[in-house]
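S.K.:
Residue numbers (our numbering), protein chains in the order written: chain R, 158 to 458; chain B, 815 to 1062.
Next up, the structure:
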């Protein structure tokens, strides 16, 4: 019996462990069997190619990582013509494509292009990346915009439509409800928090753009609280991420209401973190004769 | 193909000035490592930390050496490990230096840029004429080479290694420069090579998260159009003419 089976809206998965967009590549399959993952989430693509932000782009803090990659990617045309066939060649697990646009029109145009492409099982709509100006983040912070965007996207596809929310909002429940009302079949949260570090010898920010996206162990309590709040506000399932490094971390998110979890920065710290999380969850559930769905959202108090 | 392994430390050699050489034993890794390539290394620690990219310093039979300077939390954790302790290793990673024949070659390193060039020197065919220049801040930063330079004059010649290189090319024809060191040194060296029509390949150091090409965190500017390439995949060895030194 597979105790770890789960689902996100329209998709059923053999494992509740996946990976956060931009933190994982097929390169990691040199280190473990990909089938321990429920799905593969691609790095976010944009309509036009993006060179990304100037370096330095990374700084490791006492409790996590600040990054300012800037969605470096080759653009949707190259993704569809080159990256997508390569991914389908290599993957035995469902593929979720993450994408981000600079306007509702652009988001819709991208989804239409992806819809006529082979080998995509679902979409993660990134309305929450903090590293690009005038993109993403503006969509993720306004409930009316999230509703309108989701409504238009859901009219284009019957595939799994995951709206990825930003933690940098005052009320995650309002945004989550707007996405659900617009037709999202599931939610992903959280993206990175705003973060900064300064070199006191020079007075300069550790990363070139000043403020970046903060991920890793330091954001886990925030991610957990937002998962809990969102899960209580909506009926659609949640893919949770934010500082999950171990199976114990993952369990907290399932209890808080997540149906699936993603490892992000953890992949950099431990390249077999996803495999270890999968194994640990399996043992935990077996020892208690439970299935994953028995604990989702069952936090006490 | 790169691999992720947990390997016992075979030997640690403590050197001066916070430098140490860490040896591991692995037949597969030893067979694959080429001069210029690096591995991601990590010591087991109480708090989760990123791996540290460390150049391959030497390969003898089935043993691989890494020459490391203690500079921060990650390298400090490596420095306090003991023989037999388990080390996490991802590698080998990145590109390697070109291995030419029948050339007049100068190797130029600065500080912790020394190890990959020391390894490269062992691999260069004897048909080449090779001169190895190394520079550091002080005597603690100086290691075996043909000519060394220190900023404070405590060992070798009191000068920047780039000044030594300029003097060298006044008296000797040079086809190719292969270098590794801090960006200001590499940038100056690149300008000298360009002005004198000398081919130059530089190995860059960069802050990295994944080391395998996923995160794009270690990107450096290439060309004049504001494009970026990853030090961990397209590098660390680059044709210096391709790099946009103004973006460094």
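Where a beta carbon is used, it is the ideal one built from N, C-alpha and C, also for glycine.
Counting along the chain, where does the beta strand (DSSP E) carrying residue 994 of chain B start and finish?
M.R.: Run containing residue 994 of chain B: 990 to 994, per the beta strand (DSSP E) assignment.
S.K.: Whose Cβ in chain R lies nearer than 9 Å to the Cβ of residue 863 of chain B?
M.R.: 217, 426, listed in chain order.
S.K.: Between residue 438 of chain R and residue 161 of chain R, what straight-line distance do the alpha-carbon atoms span, to the nearest angstrom?
M.R.: If you take the alpha carbons of residue 438 of chain R and residue 161 of chain R, they lie about 8 Å apart.
S.K.: Could you give the distance in angstroms between the alpha-carbon of residue 1011 of chain B and the alpha-carbon of residue 210 of chain R?
M.R.: Looking at the two C-alpha atoms, the distance is approximately 32 Å.
S.K.: Given that a residue counts as buried once 16 or more other Cβ atoms are within 10 Å of its Cβ, and exposed if not, what is residue 845 of chain B?
M.R.: Flag for residue 845 of chain B reads exposed.
S.K.: Looking at C-beta atoms only, is the number of pairs between the segment 860 to 867 of chain B and the segment 911 to 926 of chain B that lie closer than 8 Å three or more?
M.R.: Flag = no, the segment 860 to 867 of chain B and the segment 911 to 926 of chain B do not touch.
S.K.: Determine, using beta carbons only, whether residue 867 of chain B and residue 933 of chain B come nearer to each other than 8 Å.
M.R.: For residue 867 of chain B and residue 933 of chain B, no; Cβs fall outside 8 Å.
S.K.: Does residue 444 of chain R come within less than 8 Å of chain B when only Cβ atoms are used?
M.R.: No, no contact with chain B.
S.K.: What is the DSSP secondary structure of residue 436 of chain R, counted as helix, strand or coil?
M.R.: Three-state DSSP puts residue 436 of chain R in a helix.
S.K.: Just to check my reading of the structure: residue 248 of chain R and residue 191 of chain R have Cβ atoms closer than 8 Å, yes? What is that Cβ distance to the nearest angstrom?
M.R.: Right, the Cβ-Cβ distance comes to about 7 Å (below 8 Å), so this counts as a contact.
S.K.: Can you tell me where the alpha helix (DSSP H) holding residue 270 of chain R begins and where it ends?
M.R.: Run containing residue 270 of chain R: 261 to 272, per the alpha helix (DSSP H) assignment.
S.K.: Roughly how many angstroms separate the alpha carbons of residue 197 of chain R and residue 950 of chain B, rounded to a whole number?
M.R.: Near 46 Å, if we compare the C-alpha coordinates of residue 950 of chain B and residue 197 of chain R.
S.K.: Leaving out the 5 sequence neighbours to the left and right, which residues in its chain are closer than 7 Å to residue 935 of chain B when beta-carbon positions are compared?
M.R.: 921, 944, 946.
S.K.: Based on the DSSP secondary-structure assignment, which residues constitute the bridge partners of residue 1014 of chain B?
M.R.: Answer by DSSP bridge pairing, in chain order: B:991.
S.K.: Which runs of the beta strand (DSSP E) at least 3 residues long sit entirely within the segment 322 to 391 of chain R? Give them in chain order.
M.R.: With a minimum length of 3 residues, the continuous beta strand (DSSP E) runs that stay inside the segment 322 to 391 of chain R are 343 to 346, 350 to 352, 369 to 372.
S.K.: Of the choices R:228, R:208, R:364, whose alpha-carbon is the least far from that of residue 199 of chain R?
M.R.: Nearest C-alpha to residue 199 of chain R: R:228.
S.K.: Can you tell me the Cα-Cα spacing of residue 260 of chain R and residue 221 of chain R, whole angstroms?
M.R.: Approximately 31 Å, taken between the alpha carbons.
S.K.: Compile a chain-ordered list of the residues in the segment 1023 to 1034 of chain B whose CB is closer than 7 Å to at least one CB of chain R.
M.R.: The segment 1023 to 1034 of chain B vs chain R, Cβ under 7 Å: 1023, 1024, 1026, 1027, 1028, 1029, 1030, 1031, 1033, 1034.
S.K.: With DSSP collapsed to three states, give me the class of residue 162 of chain R.
M.R.: If DSSP states are grouped into helix, strand and coil, residue 162 of chain R belongs with coil.
S.K.: DSSP three-state call for residue 217 of chain R: helix, strand or coil?
M.R.: Residue 217 of chain R falls in the strand class under three-state DSSP.
S.K.: Would DSSP call residue 210 of chain R helix, strand or coil?
M.R.: In the structure shown, residue 210 of chain R sits in coil (DSSP, three-state: anything other than H, G, I, E or B).
S.K.: DSSP on residue 252 of chain R, reduced to helix/strand/coil?
M.R.: Strand, per DSSP.
S.K.: Enumerate in chain order the residues of its own chain whose CB-to-CB distance from residue 318 of chain R is below 8 Å, with the five nearest sequence positions on each side excluded.
M.R.: Here the set comprises 166, 279, 280, 282, 307, 310, 311, 340, 341, 342, 343.
S.K.: Is there contact between the segment 394 to 401 of chain R and the segment 371 to 380 of chain R, where contact requires at least three CB pairs shorter than 8 Å?
M.R.: The segment 394 to 401 of chain R, when compared against the segment 371 to 380 of chain R, does touch it at the 8 Å Cβ threshold.
S.K.: In three-state DSSP terms, what is residue 861 of chain B?
M.R.: If DSSP states are grouped into helix, strand and coil, residue 861 of chain B belongs with coil.
S.K.: Terminal residues of the continuous alpha helix (DSSP H) containing residue 246 of chain R?
M.R.: Here the alpha helix (DSSP H) through residue 246 of chain R covers 241 to 247.
S.K.: Any idea if residue 315 of chain R is buried or exposed, counting beta-carbon neighbours within 10 angstroms, 16 or more meaning buried?
M.R.: It counts as exposed.
S.K.: With which residues is residue 175 of chain R paired in a DSSP beta bridge?
M.R.: Residue 175 of chain R pairs with R:419.
S.K.: Using alpha carbons as the reference points, say which of R:245, R:444, R:385, R:366 lies closest to residue 457 of chain R.
M.R.: Minimum Cα distance to residue 457 of chain R is reached at R:385.
S.K.: Got a sec: is the Cβ-Cβ distance from residue 182 of chain R to anything in chain B below 8 Å?
M.R.: Residue 182 of chain R counts as touching chain B.
S.K.: How would you write the range of the beta strand (DSSP E) that residue 817 of chain B sits in, first residue to last?
M.R.: From DSSP, the beta strand (DSSP E) with residue 817 of chain B extends over 817 to 828.
S.K.: Do three or more CB pairs link the segment 170 to 179 of chain R to the segment 998 to 1017 of chain B at distances below 8 Å?
M.R.: The segment 170 to 179 of chain R, when compared against the segment 998 to 1017 of chain B, does not touch it at the 8 Å Cβ threshold.
S.K.: Just tell me which of R:257, R:205, R:225 has its CA closest to the CA of residue 351 of chain R.
M.R.: That would be R:225, whose Cα lies nearest to the Cα of residue 351 of chain R.
S.K.: Hey, out of R:333, R:170, R:250, whose CA is closest to residue 389 of chain R's CA?
M.R.: Among R:333, R:170, R:250, the Cα nearest to that of residue 389 of chain R belongs to R:333.
S.K.: Can you check whether the C-beta of residue 224 of chain R is within less than 8 Å of a C-beta belonging to chain B?
M.R.: By this cut-off, residue 224 of chain R is an interface position.
S.K.: Near residue 1007 of chain B, what residues of its chain come up, given a Cβ to Cβ distance below 7 Å and the 5 sequence neighbours on each side ignored?
M.R.: Correct list, in chain order: 991, 1014, 1054.
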